Amino acid sequence: MITFEDVVKVYPGGSTAVDHLSMELPTGKMTVLVGPSGCGKTTSLRMINRMISPSAGRILIDGEDVTAKDEALLRRGIGYVIQHAGLFPHRTVLDNVATVPVLLGETRRAARAKALALLERVGLAEEFAKRYPAQLSGGQQQRVGVARALAADPPIMLMDEPFSAVDPVVRLQLHDEFLRLQQDLGKTIVMVTHDIDEALKLGDRVAVLREGGHLAQFGTPRDLVTNPADDFVSGFVGKDRGLRGLSFDDASALPVRPVEGLELDAAGKPRGGTFTKADSLRTVIDLVISSPTGVAVRVGPDGAPDGLVSHHDLADYLASRRP
Amino acid sequence: MIEYLRNNHVIVWQALQEHLYLALLPVLLGFVIALPLGYLAVRFPRLYHPLTNVYGILYSIPSLALFVFLPVILGTKVLSPINIVVALTIYTVALLARTVADGLRSVDAVVVQAATAMGYRRTRRLISVELPIALPVILAGLRVATVSNISLVSVGSLIGIGGLGQLFTRGFQLFYMEPILIGVILSVLLAAIADLIIVLVQRAITPWTRVA
Amino acid sequence: MNLSYLFDPAHWDLGVTGSIPELILSHLGYVALALLIGAVIALPVGLYIGHTGKGSFIAINAGNAGRSLPTLGLLMLMVTLLGLGLLPVLIALTVLVIPPILTSSYAGMRNLDHRVVDAARGMGMHPWEVLTKVELPMALPVMMSGFRNAALQVVATATVAASVGLGGLGRLLIDGLAVNDYSRVLAGAIVVAVLAVLVDLFLALIQRWIVSPGLKGLS
Numbered sequence: 001m002i003t004f005e006d007v008v009k010v011y012p013g014g015s016t017a018v019d020h021l022s023m024e025l026p027t028g029k030m031t032v033l034v035g036p037s038g039c040g041k042t043t044s045l046r047m048i049n050r051m052i053s054p055s056a057g058r059i060l061i062d063g064e065d066v067t068a069k070d071e072a073l074l075r076r077g078i079g080y081v082i083q084h085a086g087l088f089p090h091r092t093v094l095d096n097v098a099t100v101p102v103l104l105g106e107t108r109r110a111a112r113a114k115a116l117a118l119l120e121r122v123g124l125a126e127e128f129a130k131r132y133p134a135q136l137s138g139g140q141q142q143r144v145g146v147a148r149a150l151a152a153d154p155p156i157m158l159m160d161e162p163f164s165a166v167d168p169v170v171r172l173q174l175h176d177e178f179l180r181l182q183q184d185l186g187k188t189i190v191m192v193t194h195d196i197d198e199a200l201k202l203g204d205r206v207a208v209l210r211e212g213g214h215l216a217q218f219g220t221p222r223d224l225v226t227n228p229a230d231d232f233v234s235g236f237v238g239k240d241r242g243l244r245g246l247s248f249d250d251a252s253a254l255p256v257r258p259v260e261g262l263e264l265d266a267a268g269k270p271r272g273g274t275f276t277k278a279d280s281l282r283t284v285i286d287l288v289i290s291s292p293t294g295v296a297v298r299v300g301p302d303g304a305p306d307g308l309v310s311h312h313d314l315a316d317y318l319a320s321r322r323p
Numbered sequence: 001m002i003e004y005l006r007n008n009h010v011i012v013w014q015a016l017q018e019h020l021y022l023a024l025l026p027v028l029l030g031f032v033i034a035l036p037l038g039y040l041a042v043r044f045p046r047l048y049h050p051l052t053n054v055y056g057i058l059y060s061i062p063s064l065a066l067f068v069f070l071p072v073i074l075g076t077k078v079l080s081p082i083n084i085v086v087a088l089t090i091y092t093v094a095l096l097a098r099t100v101a102d103g104l105r106s107v108d109a110v111v112v113q114a115a116t117a118m119g120y121r122r123t124r125r126l127i128s129v130e131l132p133i134a135l136p137v138i139l140a141g142l143r144v145a146t147v148s149n150i151s152l153v154s155v156g157s158l159i160g161i162g163g164l165g166q167l168f169t170r171g172f173q174l175f176y177m178e179p180i181l182i183g184v185i186l187s188v189l190l191a192a193i194a195d196l197i198i199v200l201v202q203r204a205i206t207p208w209t210r211v212a
Numbered sequence: 001m002n003l004s005y006l007f008d009p010a011h012w013d014l015g016v017t018g019s020i021p022e023l024i025l026s027h028l029g030y031v032a033l034a035l036l037i038g039a040v041i042a043l044p045v046g047l048y049i050g051h052t053g054k055g056s057f058i059a060i061n062a063g064n065a066g067r068s069l070p071t072l073g074l075l076m077l078m079v080t081l082l083g084l085g086l087l088p089v090l091i092a093l094t095v096l097v098i099p100p101i102l103t104s105s106y107a108g109m110r111n112l113d114h115r116v117v118d119a120a121r122g123m124g125m126h127p128w129e130v131l132t133k134v135e136l137p138m139a140l141p142v143m144m145s146g147f148r149n150a151a152l153q154v155v156a157t158a159t160v161a162a163s164v165g166l167g168g169l170g171r172l173l174i175d176g177l178a179v180n181d182y183s184r185v186l187a188g189a190i191v192v193a194v195l196a197v198l199v200d201l202f203l204a205l206i207q208r209w210i211v212s213p214g215l216k217g218l219s
């Protein structure tokens, strides 16, 4: 667990970047710090590995003050991923990834073997190992950045806008890969972004910060959407938060009508999309709206249609959910 | 020209050796001195502009004046090669210290931060991250320093020691073109070869600059 | 060694041949002529190469090739070929200033922000207008730094003119050395160094005046 205890950061110019911030970031979960520029999110992140020192307050990792440890040693135990990856241009991809293990005293050989395995894990073929960073695309560089941060198997990872420099298509792909990776690894991750969609998608917890370094709300994505603490948070989450909220509920309670008069396409599949009980209500809305028949089809675990939902059914159900 | 070379090959050969020694020893000394000085200007950014100005002024002292003065300051004999070596070392430092500083400053701040965040301490970061990345800039400066040293040595002939420059003054006194021409050609050739060697070394030790 | 030569009022008397002011004037004369001729030759070539990209190889290597030519040797070679006089000195010094001017005017044109040039074309400027209204003003900071570099070098190197019997501040060095008058040599060295700083300051002022404030900090 990473604990912020009444942390304050005032820059020499007198501007307050972080204002009495207290929060607890749970172990093994991903916490996303989100907010507009100037809200102190990056400053907060960088105080964890002491790239910046707080003006007041303490930061603890599993109860131990981060200032108790030698700063270089502390950092070797915390993975760090940044925008544009910050790869070393003079080292091959493999040696970039092997950096921290070598710093920790492993032989170059052992470090490289470990690095090679990690490259595969982040989806880079072996042929990339010998290339230099300048020979990679932005998305590939970012993957190497993640592999480099993971190389010494640190329990904690800090990520500063890791996905914002890549194009939207690649970004979505990296999100999914990263979620899969995190499911396996279960690291304690702190990520900074200005993109609320990214925060809601990736975070187990989200901390919304506002200008001047105030914590506006700390909670699960669902909390933020369904129960914003104030106008700032609801404004930040956006106008379509009603719709967003539906992505947190599945379709298990959505009543369906019996399957009859089902139109099949040339391949023998129902026209329009299909969903299961596990899909979110937002997915169902999307299907109903885009279906040519105005009806979405629910399928059972075996893939066979077991119910239909129309515009009206959906509208009635949503109305009934209203408090 | 061939005729002249045949009759004077001993003198020309000696001049060439002296020229090489007088030009390259200062490059070596200057490089060793310039590295810490250049780093100083990066470590303490406030020093960058004052130091750069000092280097500029040092560089604008005419070489002849420096050659003449050093014996007075150092207490060496007027005809001692030490004067030339020290003078050219001063020029080399003036040029390279700035290049080293510029090279280190050109290293992407994001990369330096990434290195710090991964747990590099200052010295190791300098040696294994910042210096290698700054190498192309530093070596470009080294090329300039080497080539200009090789052409500057000959000015020393005006005070009696100057490698191939001796051929210039000899030819000038006799109003005879051949030795001057030979001296100029050899001097340019030496510079070209030295330059080429540095370029080849650079290619070998900075493979990452040739990709993509 | 002392400053007596430098501060002796007799040596500052304009009317006397070989006085410091007269040597400064002749020194500046060589410098100005060499820079002028060098600029007339190197600027158009550098700009053309930078603008078209044709012959980049020449521009890139001109710098190092020029530096490798020993000015003293070139000067003495010219004297044996052309006889004593101003011409050999001007040739040797002009050869010295051409590379930095050529390389910097090339680099200035080459490293322009091509988006801006593109925008200028897109707005309907003629090639000549793009060159004079956009490219040249933007390349000026880099070009000026090359010109200042050339000026610094030629101020220091023009002292060699004295070694072939001409004037300029090199006289103080050569003559002082010949008669072991170190006070005179020191005077020569100091005046040359001060002159170099003043010439650079003067060019910095010109640069300030002709370079748009919007481009400050780009040189």
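Chains Y, E and P are the protein sequences, given in the same order.
To convert, note that position 192 of the first sequence is 192 in UniProt numbering; the numbers rise steadily by one, no gaps.
To convert, note that position 113 of the second sequence is 113 in UniProt numbering; the numbers rise steadily by one, no gaps.
To convert, note that position 109 of the third sequence is 109 in UniProt numbering; the numbers rise steadily by one, no gaps.
Glycine is no exception: its CB is placed at the ideal position from the N, C-alpha and C atoms.
Note that the coordinates shown come from a computational prediction; the quantities given were computed from them, not determined experimentally.
Whole-angstrom distance between E/Leu20 and E/Leu164, CA atom to CA atom = 9 angstroms
The segment 10 to 19 of chain P touching the segment 107 to 116 of chain P, judged by at least three CB pairs closer than 8 angstroms | no
One or two residues paired with P/Glu135 in a DSSP bridge = P/Glu135 is not bridged to any residue.
May I ask you to list the residues that DSSP assigns as paired with Y/Glu24?
-> Y/Thr3
Could one say the Cβ of P/Val79 lies closer than 8 angstroms to chain E's Cβ atoms, at least one of them?
-> yes
Where E/Arg98 falls, given that 16 or more other Cβ within 10 Å makes a residue buried = buried
Any beta-carbon of chain E closer than 8 angstroms to the one on Y/Phe128?
-> no
Shorter than 8 angstroms from the beta carbon of residue 273 of chain E to some beta carbon of chain P?
-> As shown, chain E starts at 1 and ends at 212. That puts residue 273 of chain E outside it, with no answer to give.
Shorter than 8 angstroms from the beta carbon of E/Asp195 to some beta carbon of chain P?
-> yes
Between the beta-carbon of Y/Arg222 and the beta-carbon of Y/Asp313, is there less than 8 angstroms?
-> no
Could you tell me the distance, in whole angstroms, from the CA atom of P/Phe57 to the CA atom of P/Gly50?
-> 11 angstroms
Using DSSP with H/G/I as helix, E/B as strand and the rest coil, what is Y/Ala165?
-> coil
Please name the residue or residues paired with Y/Pro305 in a DSSP beta bridge.
-> Y/Val299
Compile a chain-ordered list of the residues in the segment 53 to 74 of chain P whose CB is closer than 9 angstroms to at least one CB of chain E.
-> Gly63, Asn64, Ala65, Arg67, Ser68, Leu69, Pro70, Thr71, Leu72, Gly73 and Leu74
Candidates E/Tyr59, E/Val68, E/Val129 and E/Ala87: which alpha carbon is nearest E/Ala114's?
-> E/Val129
Who are the Cβ neighbours of P/Ile20 in its own chain at under 6 angstroms, not counting the five residues just before and after it?
-> His11 and Trp12
Could you tell me the distance, in whole angstroms, from the CA atom of Y/Leu136 to the CA atom of Y/Arg171?
-> 16 angstroms
Using a Cβ-Cβ cut-off of 8 angstroms, state whether E/Arg210 counts as contacting chain P.
-> no
Step through the CB atoms of chain E and report whether any lies within less than 8 angstroms of the CB of Y/Leu45.
-> no
Can you list, in chain order, the stretches of the alpha helix (DSSP H) that have 4 or more residues and sit fully within the segment 211 to 259 of chain Y?
-> 221 to 226, 231 to 237 and 241 to 245
Selection from Y/Thr92, Y/Ser310 and Y/Gly235 that minimises the alpha carbon distance to Y/Ile196 = Y/Gly235
Please look up how many angstroms separate the CB atoms of E/Leu95 and E/Gly141, rounded, as I've assumed it's under 8 angstroms.
-> 6 angstroms
Under 8 angstroms by Cβ, that's how I've got residue 325 of chain Y and Y/Ala115 pegged, so tell me the actual separation to the nearest angstrom.
-> Nothing about residue 325 of chain Y can be reported from this structure: the residues present for chain Y run from 1 to 323 only.
Residue interval of the alpha helix (DSSP H) (run including residue 248 of chain E) | Past the edges of chain E, shown from 1 to 212, lies residue 248 of chain E, and the structure says nothing about it.
Counting only the same chain and skipping the five closest in sequence on each side, list residues whose C-beta sits under 8 angstroms from that of E/Arg210.
-> Arg203
Looking at the C-beta of E/Thr116, does it have a partner C-beta in chain Y at a distance below 8 angstroms?
-> yes
Along chain E, in chain order, which residues have C-beta atoms closer than 9 angstroms to that of Y/Met23?
-> Those within 9 angstroms of Y/Met23 in chain E number zero; the least Cβ separation is about 21 angstroms.
When Y/Pro162, Y/Val122 and Y/Ala319 are compared against E/Val110, the one with the closest alpha-carbon | Y/Pro162
Would you mind telling me which residues of chain E sit closer than 7 angstroms to residue 224 of chain P, beta carbon to beta carbon, in chain order?
-> Lying before the first or after the last residue shown, residue 224 of chain P is absent from chain P, which here runs from 1 to 219.
Evaluate P/Leu218 with the Cβ neighbour count: other Cβ atoms within 10 Å of its Cβ, from every protein chain shown; 16 or more gives buried, anything less gives exposed.
-> Interpretation of P/Leu218 is limited by its pLDDT of 48, a score under 50 that renders its predicted location unreliable; the figure taken from the coordinates is listed afterwards. Per the 10 Å Cβ criterion, exposed.
Buried versus exposed call for E/Trp208 [16 or more other C-beta atoms within 10 Å across all chains shown] | buried
If we ignore side chains and look at the alpha-carbon of each, how far apart do E/Leu186 and P/Ala92 end up?
-> 18 angstroms
If you measure from the beta carbon of P/Tyr5 to each beta carbon in chain E, is any gap under 8 angstroms?
-> no
Distance between E/Val78 and P/Leu77 (C-alpha atoms, nearest Å) = 26 angstroms
Counting contacts by CB-CB distance shorter than 8 angstroms, is P/Leu218 in contact with chain E?
-> Per-residue confidence for P/Leu218 stands at a pLDDT of 48, beneath the threshold of 50, marking its modelled position as unreliable; the derived number appears in the next sentence. No, P/Leu218 lies away from the interface with chain E (no Cβ there is under 8 angstroms from its Cβ).
Euclidean distance between Cα positions of Y/Leu147 and P/Met123 = One detail in the question is off: residue 147 of chain Y reads as Ala in this sequence, not Leu. So the alpha carbons of these two residues sit roughly 47 angstroms apart.
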